[in-house]
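See structure below.
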Amino acid sequence: MSYYLLRTARDFVATNMANVGHSDTAGNTTCDRWTLRHLVNHVIATTEALGRMSRGEPIGPEDIAPDTTAERGYLGGDPVAAFHRVSDPLVRMYQGVSSSERLTCTLLRLPRPPTPLFVSLCLLEWSVHGWDIGRSTGRAVRIPEPLAETVLPFASQLGGGVPHQLPSFATPTDSPPHASADERLLTFLGREPRQQGETTTELGDNTAVPIFREEDR
10 MSYYLLRTAR
20 DFVATNMANV
30 GHSDTAGNTT
40 CDRWTLRHLV
50 NHVIATTEAL
60 GRMSRGEPIG
70 PEDIAPDTTA
80 ERGYLGGDPV
90 AAFHRVSDPL
100 VRMYQGVSSS
110 ERLTCTLLRL
120 PRPPTPLFVS
130 LCLLEWSVHG
140 WDIGRSTGRA
150 VRIPEPLAET
160 VLPFASQLGG
170 GVPHQLPSFA
180 TPTDSPPHAS
190 ADERLLTFLG
200 REPRQQGETT
210 TELGDNTAVP
220 IFREEDR
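What the sequence shown shows, in my numbering, is residues 10 to 226, in sequence order.
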């Protein structure tokens, strides 16, 4: 998988997180039992743990347990800066790995190896919780389609068909008629992609997140 998709997911979170300072951090969110403060803390703490995983450092269940990550004190005065501190090194590291793999596989005519687990987990966390943050701060956001199309098969495999057993996700809801990839992903993980009366066209992505592709490098 290209690193550009990881970069898109990171920017999706950061763009939506930029509105947190103008919102009630004690208010309810699309994640049951979590306030906006809990949600932001969870995203940053989980990213920090996945960064350690990417460097080959051991992490335990407590490092990514939702009840633990939600209570970390990351929110502070600038959650976007805190998120970039833990996400940017991870994206840069995978950029180097991805570029080296692409060159080697091209020269030797080999298939690209599977996506590392930490990258797939980042895509899942950042795309869905980026949407959670956007929705919970009052924005009509959509997960970029390339992200949703990549994350949905991984989420299905990881959840073993029972996604509410995944930490920080919920029991599936019904997909709307003619659901897009992002709507299928959200309903699979227990979200309502449309508020009552909304249509897909009314949910135009207003996050202005650029979709980075390999040819953009």
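Note that CB positions come from ideal geometry on N, CA and C, so glycine has one too.
- Around the beta carbon of R46, a 10 Å sphere encloses 16 or more other beta carbons of the protein chains shown; the residue is thus reported as buried.
- In terms of Cβ geometry, I53 and F21 do not form a close pair [threshold 8 Å].
- In this structure, D72 sits away from A179, with a CB-CB distance that is not shorter than 8 Å.
- Contact annotation: L99 and S129 have beta-carbon atoms that are not nearer than 8 Å.
- The continuous alpha helix (DSSP H) containing R144 extends over residues 126-145.
- Around the beta-carbon of A79, 16 or more other beta-carbon atoms lie within 10 Å, marking it buried.
- DSSP lists no beta-bridge partner residue for N50.
- Separation of the CB atoms of L161 and A190 is rounded to 6 Å, and the pair is thereby assigned contact status at 8 Å.
- For the pair L195 and A164, the CB atoms are not nearer than the 8 Å cut-off.
- For L194, the enclosing alpha helix (DSSP H) starts and ends at 190-197.
- By the CB criterion at 8 Å, T182 and E201 fall inside the cutoff.
- A residue is called buried once 16 or more other Cβ atoms fall within 10 Å of its Cβ, and P186, having fewer, is exposed.
- The DSSP-derived three-state label of T44 is strand.
- DSSP places N25 within a helical segment (H, G or I) once states are collapsed to three.
- With respect to the C-alpha of R61, the residue from E154, T146, V95, R16 having the closest C-alpha is V95.
- D141 places its beta carbon 8 Å or farther from that of T44.
- The alpha-carbon of D97 is positioned some 15 Å away from that of D87.
- From the listed residues M102, G65, N28, the smallest Cα separation to A90 is found for N28.
- A direct Cα-to-Cα measurement between R16 and A35 gives close to 29 Å.
- Across the structure, G143 and T77 are spaced so that their CA atoms are roughly 22 Å apart.
- Membership of I68 in any alpha helix (DSSP H) is not indicated, and neither H nor E is assigned to it by DSSP.
- Judged by beta-carbon spacing, A58 lies beyond the 8 Å limit of W135, meaning their Cβ atoms are not closer than that value.
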